[in-house]
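When you read off a place in the first sequence, starting at 1, and then add 734, the result is the number in this note's numbering.
The C-beta atom is built at its ideal place from N, Cα and C for all residues, glycine as well.
Predicted, not measured: the structure shown is a model, and the values here were computed from it.
A short write-up of the structure that comes next.
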Amino acid sequence: MITMNKTNGDIAHILRKISFLLEMDTNKKNDRQTNAINFKNRAYNKAADQIENLSINIEKLYINEGIGGLLKIPSIGRAIASKIEEFIKTGEINYYNQLKSELPINVDEFLNLEGIGPKTLRLIYDSLKIKTLDELYDAATNGKIKTIDGFSQKKEEAILRKIDLYRKSKGRFLLGEIYPLVKQIEKYLSELDCVKRSVAVGSFRRMKETIGDIDFLAVSDVPQKVIESFVSMPEVKEILGKGSSKAFVKLNNGIDSDLLVVPEESYGAALQYFTGNKEHGIALRKIAQSKGLRLNEWGLFTLNSTENRIAGLTEEEIYHRLDLDWIPPEMRESKGEIELAKRELENTKKPREDRLLQLLGYRDLRGDLQVHTNNTDGKMAIEEMAYYAKEKFGLDYIAITDHTKSLKITNGLDEGQILDQANKISELNDKIKNDDLFLDKFSNEKTANIKHKKNSQRSSNASFRILSSAEVNILKDGSLDIPNNVLDKLDIVGAAIHSNFSLPIEMQTHRLITAAQNPSIDIIFHPTGRIINKRDGYPVDIPKLMESAKDTDTVLEIDAHYDRLDLKDEYIKMAVENGVRLVIDSDAHHQIHFAFLNLGVAQARRGWAKKNEILNTLPAQNLLDNLK
DNA sequence: GCCGTTTTCGGCCCGACTGTTTTCAGTCG
């Protein structure tokens, strides 16, 4: 009897626990058997990595294709596949239980405890029979750890410190939350006299929706000086380690931050190495190895007796020497981008827009199709939002999408108010044409602080356009709270779910599909309703929704608000592969929120989207002409 | 335990930092 309840995370977790216990079981002697166990635990870890990175659900894969499906996943062979099968069927893995009976420690507590690994824990267990984190903490507090052979006062203190840090650690941060801090530190490092350039790398450079730690890279001839400046920043709470080229700190907000300092000639290699992700990096180093080369953070080297650096200054030359085209950081998640880059190198003669790795650009959006105002739950007036969209963010159009009447908490608009708003928008557009909207009202003191981001392809003052729209509420049965004859008077209409989140997947999917089939609805806003780190969103059969969107010519939104980023990257990829059209909106409730558009672009790039797949890269009229 | 244009054995990505190691193991990213 199979009950659908094992996530990829659950499966990866138990495989990691097996790996941890196996590693605890390894003794120091370097005999052949020990060596085999060493690689055995690494195999379990590798399988866990692989599963965590998978976009499909393993349990579904197993139910549909059985063991054979599991065996198709790299790093999963007969032994691990059958253990996954056992776990899905029974919720347990006998092999794990056996290991645990030999070493009855609370593995969960130690798995993510930094600095104290399986080998250290084994020594402690052998001496003191410690099984839990609390017991370890007590033993260290009472001075028992330092009495163990091979341990010291210093190590005991380190253990206490690491447990304290572990208990205080907050896990992953939202990209949008830490973005300003990252930019601030990046600027601080860049402006140091001894630093030639500095950039944030790691998952931040890949623009992952959540960030586990912040990595920085700096180019300098005097690394020691840079490292001292880094660890003495006021943002640093604790120095976790520092050497001649690297430093590790914990920042005041609880996030870890690493710095690597390299000379100019290693910049590209270090950039590549520290941008990750891990699997992408490993794949590259294996390719290097297969070509008789060695790749590390200092460069790409030949393996002659006298090592020669053959690349390292730029990322491009590293990739090219490995017979790959340069891969945008947002794609480096080991999801097929390396194979693509291999083929891409043969396509260099093709026009830019046909290149496989030519993604949507950060300056490609021309409009924003979800903008709220103080007529409902926004903070600013229509004309203010329009002004900032145009002047500060260089947009050509915005759609005003206030909530509708059944969303009482936002004072949603009724039919009359929606039509009044549309009339007002029409008047504002007339004023814009006569160039007397933005000038009289807002230009005086505010423009002084505004950076003009004028782009040559963007149009003149007079062509800015405000589109009448609404974020119509999808009711429990999939119907809307505003009739079609009202919606049809608007330029463009979005629909979204804001209530009844706990309905089963069939009903939620039905609601969304019913909305998509409604001829008045152009876009489904934030299609899954998730709030990252807070709620999963309502359950949706994504493939079915995609199919319906495609059939009805309905656009799906990538909501760029940093705690939504909805659709998420893998669904964007699915939409792109299935020819479903997308837009990227900020969901702005205040002018500063237009900045979220960049996060939406990043998310789209992580889903491998190109410019022509995102509708609001078009001028306003083209966009409207392209709707259903 | 996984994997294979050197396939069924013999490899498995690579280097920095820490501690007490006087040449290395453990841990991490």
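**Report entry** Sequence-distant residues of its chain with Cβ nearer than 7 Å to residue 1197 (five each side left out)
**Finding:** 1130
* Asked: Under a three-way DSSP split, which group does residue 944 fall into?
  -> strand
Start-end ranges of the alpha helix (DSSP H) lying completely within the stretch 921-970, minimum 4 residues
936-939, 957-965
Q. Roughly how many whole angstroms lie between the Cα atoms of residue 936 and residue 1165?
A. 47 Å
Practice task
Would you mind sorting residue 831 into buried or exposed? The rule is 16 or more other CB atoms within 10 Å of its CB.
Solution key: exposed
- Task: Look at the alpha carbon of residue 1159 and the alpha carbon of residue 1238, and state the distance between them as a whole number of angstroms.
- Result: 39 Å
Distance between residue 839 and residue 788 (C-alpha atoms, nearest Å) | 29 Å
Assigned secondary structure, residue 1048 (DSSP; H/G/I helix, E/B strand, else coil): coil
Tell me which residues share the same chain as residue 1044 and place their Cβ nearer than 8 Å to its Cβ, disregarding the 5 neighbours each side in the sequence.
1027, 1033, 1034, 1035, 1036, 1055
Excluding sequence positions up to five away, which residues of its chain have a Cβ less than 8 Å from the Cβ of residue 796? 803, 804, 818, 819, 822
request  = Verify whether the separation of the beta carbon atoms of residue 994 and residue 980 is less than 8 Å.
outcome  = yes
Requested in this report: Verify whether the separation of the beta carbon atoms of residue 1213 and residue 1250 is less than 8 Å.
Outcome: no
Given residue 1289 as reference, the closest of 1333, 1339, 1222, 1357 once Cα atoms are compared: 1357
Under 8 Å Cβ to Cβ from residue 1278, same chain only, skipping five residues before and after it: list those, please.
1243, 1247
TODO: Select from 1311, 781, 754, 974 the residue whose C-alpha is nearest the C-alpha of residue 1363.
DONE: Lying outside 735 to 1362, the shown extent of the chain, residue 1363 is not represented and no answer is given.
Who are residue 972's beta bridge partners in DSSP?
984
Kindly indicate the opening and closing residues of the beta strand (DSSP E) around residue 1202.
1199-1202
### For residue 989, three-class secondary structure by DSSP
coil
Quiz item: Which word fits residue 801, buried or exposed, when buried means at least 16 other C-beta atoms lie within 10 angstroms of its C-beta?
Solution: exposed
For the stretch 1318-1330 against the stretch 1290-1305, do three or more pairs of beta-carbon atoms, one drawn from each stretch, fall closer than 8 Å, so that the two count as touching?
yes
Local conformation of residue 1207 per DSSP, three classes | strand
- Query: Under 8 Å between the Cβ atoms of residue 940 and residue 1011?
  - Reply: yes
Exercise. Can the beta-carbon of residue 1137 be found closer than 8 Å to that of residue 1107?
Worked result: no
- Closer than 8 Å by C-beta to residue 1339: which residues in its own chain qualify, once you throw out the five before and the five after it? Chain order, please. 941, 1062, 1064, 1065, 1093, 1094
Within a Cβ cutoff of 6 Å, which residues of the same chain sit near residue 992, ignoring the five residues on either side of it in sequence? 949, 982
Classify residue 1014 as helix, strand or coil using the three-state DSSP reduction. helix
query = I think residue 1200 touches residue 1147, with their Cβ atoms under 8 Å apart; what is that distance to the nearest whole Å?
reply = Not a contact, Cβ separation roughly 16 Å.
Test item: CB-CB of residue 837 and residue 759 under 8 Å:
yes
*asked:* Can you give me the C-alpha to C-alpha distance between residue 748 and residue 961, rounded to a whole angstrom?
replied: 38 Å
Q.
Taking the beta strand (DSSP E) that residue 1131 belongs to, which residues open and close that run?
A. 1131-1134
Worksheet item: So, helix, strand or coil for residue 1271, using DSSP?
Response: coil
Would residue 1272 and residue 1235 qualify as a contact pair, given that the criterion is a beta-carbon distance under 8 Å? yes
(Q) Less than 8 Å between the C-beta atoms of residue 1133 and residue 1104, yes or no? (A) yes
Handout entry: Reduced DSSP secondary structure (H/G/I, E/B, other) of residue 1115
Key = coil
**Report entry** Nearest-angstrom beta carbon gap, residue 867 and residue 912 [assumed within contact, 8 Å]
**Finding:** Contact doesn't hold; Cβ gap of about 27 Å is too wide.
(Q) Within a Cβ cutoff of 8 Å, which residues of the same chain sit near residue 754, ignoring the five residues on either side of it in sequence? (A) 775, 841, 844, 845, 852
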